[in-house]
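Peer 1: I am attaching a structure below and will ask some questions about it afterwards.
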Amino acid sequence: MTSFWTGTRIRLRGIEPDDWTAFMRFGVDEERLGDAVSPPRSVEGHRAWAKEQAVAEPDGDCFRLAIEALDTGEMVGAVSSNHADPQAGRFEYGVTVGADHRRKGYAAEAVVMLLRFMFAERRYHKCEARVFAYNQGSLALHHRIGFVEEGRLRDHVFLAGRHHDLVLLGILADEFTQLHPPTEPPFPTWATRSCPP
Numbered sequence: 005m006t007s008f009w010t011g012t013r014i015r016l017r018g019i020e021p022d023d024w025t026a027f028m029r030f031g032v033d034e035e036r037l038g039d040a041v042s043p044p045r046s047v048e049g050h051r052a053w054a055k056e057q058a059v060a061e062p063d064g065d066c067f068r069l070a071i072e073a074l075d076t077g078e079m080v081g082a083v084s085s086n087h088a089d090p091q092a093g094r095f096e097y098g099v100t101v102g103a104d105h106r107r108k109g110y111a112a113e114a115v116v117m118l119l120r121f122m123f124a125e126r127r128y129h130k131c132e133a134r135v136f137a138y139n140q141g142s143l144a145l146h147h148r149i150g151f152v153e154e155g156r157l158r159d160h161v162f163l164a165g166r167h168h169d170l171v172l173l174g175i176l177a178d179e180f181t182q183l184h185p186p187t188e189p190p191f192p193t194w195a196t197r198s199c200p201p
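In terms of my numbering, the sequence shown opens at residue 5 and continues consecutively.
Structure below.
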């Protein structure tokens with residue numbers, strides 16, 4: 005096992021101060037694609053935010069990681085765990101990938117790596133996600149990963165001048181493990197050998 009955080013296309017890493025330019029691009033992409041509308045942030049605001057994120061300690065099991073393409077070393081997106089409730093055993097997550105890096109498998113691999121960590125290492129029982137009903141690409145991604153639609157909040161979000169439904173999705177740890185078994189044994193082979201009598 006080379007690294008828990010390295011996959012076939014990407015690696016997940018901590019946010020660095022120089023990542024501010026990528027986050028600024030992601031903000032422009034999200035607004036252009038209709039995922040978010042917010043007041044513009046200054047260049048210095050983006051720099052300060054990235055610098056703050058680079059030194060921030062995780063808030064329990066809530067954290068944000070950069071998605072880096074292995075072939076280019078470029079930051080192509082970010083993934084985060086949010087609203088983690090260890091007592092209830094559930095958490096939410098978020099993922100964003102730059103517009104010019106979508107449909108390359110980066111988001112799916114990042115989400116699977118994050119869920120594997122939260123389910124196998126942190127022992128959470130359920131992951132929840134909220135997706136705008138009009139975002140067919142995101143809904144398809146979640147269904148491919150194994151999320152199940154659990155409900156729909158009608159006209160729940162106001163964005164770009166109108167109300168939109170919000171789709172609630174969930175996946176349980178055992179469902180995830182069946183669909184995405186570990187690629188390597190969790191322990192070295194010597195640990196599974198039986199002791200001599």
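Idealized CB from N, CA, C, for every residue including glycine.
For residue 18 versus residue 73, is the C-beta distance shorter than 8 angstroms?
Peer 2: Cβ atoms of residue 18 and residue 73: not closer than 8 angstroms.
Peer 1: State the Cα-Cα distance for the pair residue 15 and residue 116, rounded to the nearest angstrom.
Peer 2: Approximately 12 angstroms, taken between the alpha carbons.
Peer 1: Considering only DSSP beta bridges, list what residue 147 is partnered with.
Peer 2: Residue 147 is not bridged to any residue.
Peer 1: Specify whether the region 158-171 and the region 109-128 touch according to this definition: at least 3 beta carbon pairs, one from each stretch, less than 8 angstroms apart.
Peer 2: Touching, no, given that fewer than three Cβ pairs across the two stretches are closer than 8 angstroms.
Peer 1: With 8 angstroms as the threshold, decide whether the Cβ of residue 110 is near any Cβ in chain B.
Peer 2: Judged by its chain identifiers, the structure shown contains no chain B, having just a single protein chain.
Peer 1: Taking residue 182 as the reference, which of 124, 28, 78 has the closest Cα?
Peer 2: Measuring from the Cα of residue 182, the nearest candidate turns out to be 124.
Peer 1: Rounded to the nearest angstrom, what separates residue 153 and residue 53 at their Cα positions?
Peer 2: Those two C-alpha atoms are separated by around 34 angstroms.
Peer 1: What residue from 80, 56, 129, 29 has the CA that sits closest to residue 96's CA?
Peer 2: Checked all of 80, 56, 129, 29; the closest Cα to residue 96 is 129.
Peer 1: Taking the alpha carbon of residue 85 as the reference point, which residue from 131, 91, 76 has its own alpha carbon closest?
Peer 2: Measuring from the Cα of residue 85, the nearest candidate turns out to be 131.
Peer 1: Within the same chain, show all residues whose beta-carbon is closer than 6 angstroms to that of residue 8, passing over the 5 residues directly before and after it, in chain order.
Peer 2: Answer for residue 8: no residue qualifies.
Peer 1: Per DSSP, what kind of secondary structure is residue 100 in: helix, strand or coil?
Peer 2: Residue 100: strand per DSSP, three-state reduction.
Peer 1: What three-state label does DSSP hand residue 108 in the structure shown?
Peer 2: Residue 108: coil per DSSP, three-state reduction.
Peer 1: Go ahead and label residue 195 buried or exposed: buried means 16 or more other beta carbons lie within 10 angstroms of its beta carbon, across all protein chains shown.
Peer 2: Reliability of the predicted coordinates at residue 195 is poor, the pLDDT of 43 falling under 50, and the value obtained from them is presented with this limitation in mind. Residue 195 comes out exposed.
Peer 1: Kindly list the residues whose CB is nearer than 6 angstroms to the CB of residue 136, restricted to its own chain and excluding five residues on each side of it in sequence; keep chain order.
Peer 2: So the list reads 168, once near-sequence residues are dropped.
Peer 1: If you check the beta carbons only, do residue 150 and residue 121 fall under 8 angstroms apart?
Peer 2: No.
Peer 1: Assign residue 47 to buried or exposed, taking buried as 16 or more other Cβ atoms, counted over all protein chains shown, within 10 Å of its Cβ.
Peer 2: Residue 47 should be labelled exposed.
Peer 1: Should residue 201 be labelled buried (16 or more other beta-carbon atoms within 10 Å of its own) or exposed?
Peer 2: With a pLDDT of 45 at residue 201, under the threshold of 50, the predicted position of this residue should be treated as unreliable, and no value is reported.
Peer 1: To the nearest angstrom, report how far apart residue 88 and residue 70 are at their CA atoms.
Peer 2: Whole-angstrom Cα-Cα distance: 19 angstroms.
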